[in-house]
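Reviewing the structure listed below.
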Amino acid sequence: MASLKDLRNRIASVRSTQKITKAMQMVAAAKLRRAQEAAEAARPYAERMDRVLANLSAGMIGQPEAPALLVGNGRDDVHLLVVATADRGLCGGFNASIARLAREEIARLTAQGKTVKILAVGRKGRDALRRMHGEKIVKTFEFSGVRSIGFVNAEEIAATVLDMFEAGEFDVCTLFYSRFQSVVSQIPTKQSLIPAAVGNPDDQPEADLGGAIYEYEPNEEEILRDLLPRNLAVQVFRALLENAASEQGARMSAMDNATRNAGEMIDKLTITYNRTRQAQITKELIEIISGAEAL
Amino acid sequence: MAEKLSFDLVSPERLLISEQVDLVTVPGTEGDMGIMGGHAPVMSTLRPGVIGVETEGQPERRYFVRGGFVEVTPAGLTVLAEHTVPLAELDSAALEREISNAEEDVADAKTDERRQIAQEKLDHLKALRQAL
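Protein chains in written order, with my numbering: chain A, 1 to 295; chain B, 1 to 132.
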């Protein structure tokens with residue numbers, strides 16, 4: 001049985017851990033609100049981009065001169081996986097579940113004899129993948145110094161991906177991130193970047209043109225060619241924002257659990273402490289009484 | 001002015017402007033366009049340049065955009081622009097920076113097509129510098 005002093009120390013240490021997890025939970029909650037606002041604010045741009053792209057590309061798919069960014073370059077040999085995770089841990093299964101999805105995909109592609117390259121965004125994802133697939137990582141991005149993700153960060157990634165695509169370093173590009181559903185549920189998701197996953201135009205709310213048709217300047221193809229690289233950055237940006245919100249959500253619930261567990265632990269330890277103390281007092285009393293009786 | 005135009009200026013990060021205005025001039029790739037209420041539907045890309053927003057009774061507001069995309073529907077005008085700076089905040093130093101960036105892009109361009117795009121952008125920026 002641990003001594004009273006040990007128990008007291010133990011309780012104090014669990015209590016200070018609980019304070020930390022509690023603080024982290026509250027910080028995550030505040031950051032989550034901000035991340036959600038950012039995701040909300042980014043929605044109008046992404047929605048309009050989607051609608052325009054869906055309209056434009058509907059006519060292009062299946063045509064031989066369709067841009068490679070839209071339909072792919074016709075090959076399917078080298079896959080680039082952009083794995084977006086957080087730079088920090090202590091957020092439950094957030095990083096692990098994205099990395100697991102990526103690993104499954106790597107295993108599936110390797111089994112089919114494809115070459116896999118990884119572009120790791122975020123320190124934790126890189127660390128998780130480095131162990132088994134270190135040689136496949138071609139580049140890493142880290143945003144640990146960035147306070148809140150801006151569009152410039154997404155552009156940077158998109159520019160790298162575009163450069164690699166133009167240099168013919170890969171054929172198909174897939175993005176891995178975590179979609180934010182609620183504080184308790186984030187869904188690891190993969191999304192095709194190249195060829196671009198364009199929504200079905202029938203699903204999009206059609207702008208009411210009042211019977212008129214669009215005039216295109218310069219022309220549909222040129223616009224599409226101009227828009228597709230931008231769309232890539234927008235998709236990456238959206239994923240980064242979703243990721244940021246998911247990360248904070250995951251951290252919040254993880255820290256909430258940790259705080260609760262610490263509380264339970266403190267309760268249990270306190271009971272043990274009290275019992276031990278009482279037992280000791282009783283023991284001392286017995287010693288005194290039996291000592292007096294012996295006289 | 002008869003009909004108001006509902007004008008949205010959207011950046012990837014947020015909705016910058018959403019209001020009723022009289023006239024918007026945008027730097028289309030094939031020339032500047034002045035858009036008022038009831039304009040025919042148009043989709044166009046933008047070159048780097050200045051967007052002017054005019055509303056009756058208010059001074060004209062001007063914004064610098066580094067390229068983007070514009071869509072006109074009967075419902076209104078939407079400008080999607082990655083980088084928007086109110087012209088008042090754009091000083092010559094910022095523009096110089098843009099130009100030197102563009103020059104680097106031209107130098108770095110790997111393919112002819114890319115170089116041409118970058119060169120066009122650079123020309124526009126230089127034209128803008130003269131206009132200021």
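Virtual Cβ for every residue (Gly too), placed ideally from N, Cα, C. Nothing here was measured: the structure is a model prediction, and the numbers come from that model.
Which listed residue (the options) has its alpha carbon closest to that of residue i
| i | options | result |
| --- | --- | --- |
| Asn95(A) | Leu56(A), Gln186(A), Ile286(A) | Gln186(A) |
| Ser148(A) | Phe237(A), Leu80(A), Cys173(A), Glu135(A) | Phe237(A) |
| Leu77(B) | Asp32(B), Glu113(B), Val42(B), Arg115(B) | Val42(B) |
| Val50(B) | Lys110(B), Gly31(B), Ala93(B), Asp105(B) | Gly31(B) |
| Ile118(A) | Gln112(A), Ala111(A), Ile288(A), Arg130(A) | Arg130(A) |
| Lys114(A) | Lys5(A), Phe143(A), Arg75(A) | Arg75(A) |
| Leu46(B) | Pro59(B), Ile99(B), Glu71(B) | Glu71(B) |
| Arg225(A) | Val14(A), Ala39(A), Leu70(A), Leu4(A) | Leu70(A) |
| Gly63(A) | Glu221(A), Ala294(A), Ser290(A), Glu287(A) | In the sequence as presented, Gly is not what sits at residue 63(A); that position holds Gln. Ranking the options by Cα distance to Gln63(A), first place goes to Glu221(A). |
| Leu80(B) | Leu87(B), Arg66(B), Glu19(B) | Arg66(B) |
| Glu13(B) | Ala41(A), Asp256(A), Ile213(A), Ala154(A) | Ala41(A) |
| Lys268(A) | Ser3(A), Asp6(A), Ile11(A) | Ile11(A) |
| Lys190(A) | Leu162(A), Val183(A), Ser182(A), Val172(A) | Val172(A) |
| Gly28(B) | Pro48(B), Ala40(B), Asn101(B) | Pro48(B) |
| Leu9(B) | Gly34(B), Tyr63(B), Leu122(B) | Tyr63(B) |
Residue i - DSSP class collapsed to helix/strand/coil
| i | result |
| --- | --- |
| Thr189(A) | strand |
| Glu169(A) | coil |
| Asp50(A) | helix |
| Gln20(B) | strand |
| His39(B) | coil |
| Thr78(B) | strand |
| Val70(B) | strand |
| Thr21(A) | helix |
| Pro44(A) | helix |
| Ile149(A) | coil |
Delimiting residues of the beta strand (DSSP E) encompassing residue i
| i | result |
| --- | --- |
| Ile35(B) | 31-36 |
| Ser6(B) | 5-10 |
| Leu81(A) | 78-84 |
| Val71(A) | No beta strand (DSSP E) contains Val71(A), which is instead part of the alpha helix (DSSP H) from 68-71. |
| Tyr214(A) | Here Tyr214(A) belongs to no beta strand (DSSP E), and DSSP marks it neither H nor E. |
Residues near residue i in its chain [Cβ-Cβ closer than 6 Å; skip 5 each side]
| i | result |
| --- | --- |
| Pro188(A) | Ser97, Ile98, Leu101, Ser178 |
| Ala262(A) | Val14, Thr17, Gln18 |
| Gln119(B) | Val106 |
| Ile137(A) | Ile118, Ala120 |
| Thr85(A) | Asn95, Ile98, Gly122, Lys124, Gly125 |
Extent of the continuous alpha helix (DSSP H) run through residue i
| i | result |
| --- | --- |
| Tyr273(A) | 220-294 |
| Asp108(B) | 92-108 |
| Leu109(A) | 94-111 |
| Ala128(A) | 123-133 |
Neighbourhood of residue i by C-beta distance below 7 Å, restricted to the same chain and skipping five residues each side
| i | result |
| --- | --- |
| Thr69(B) | Reading off the sequence, residue 69(B) comes out as Phe, not Thr. Within the same chain, Phe69(B) has close Cβ partners Thr45, Leu46, Leu80. |
| Glu54(B) | Val21, Asp22, Leu23, Glu60 |
| Ser148(B) | Residue numbering for chain B in the displayed model covers 1 to 132; residue 148(B) lies beyond these limits and cannot be assessed. |
Neighbourhood of residue i by C-beta, 8 Å cutoff - its chain only, sequence neighbours within 5 removed
| i | result |
| --- | --- |
| Lys126(B) | Ile99 |
Discussion item. If contact is defined by three or more beta carbon pairs under 8 Å, each pair taking one atom from either stretch, is the segment 234-248 of chain A in contact with the segment 169-184 of chain A?
Written reply: yes
Discussion item. Would the segment 39-46 of chain A count as touching the segment 74-81 of chain A if we require 3 or more Cβ pairs under 8 Å?
Written reply: no
Item to complete: Inspect the CB distances between the segment 102-109 of chain B and the segment 50-63 of chain B and report whether three or more fall short of 8 Å.
Response: no
Item to complete: Give a yes or no on contact between the segment 140-147 of chain A and the segment 103-113 of chain A, applying the rule of three or more CB pairs nearer than 8 Å.
Response: no
Worksheet item: Touching or not, the segment 21-29 of chain A and the segment 242-259 of chain A, by the rule of three or more beta carbon pairs under 8 Å?
Response: yes
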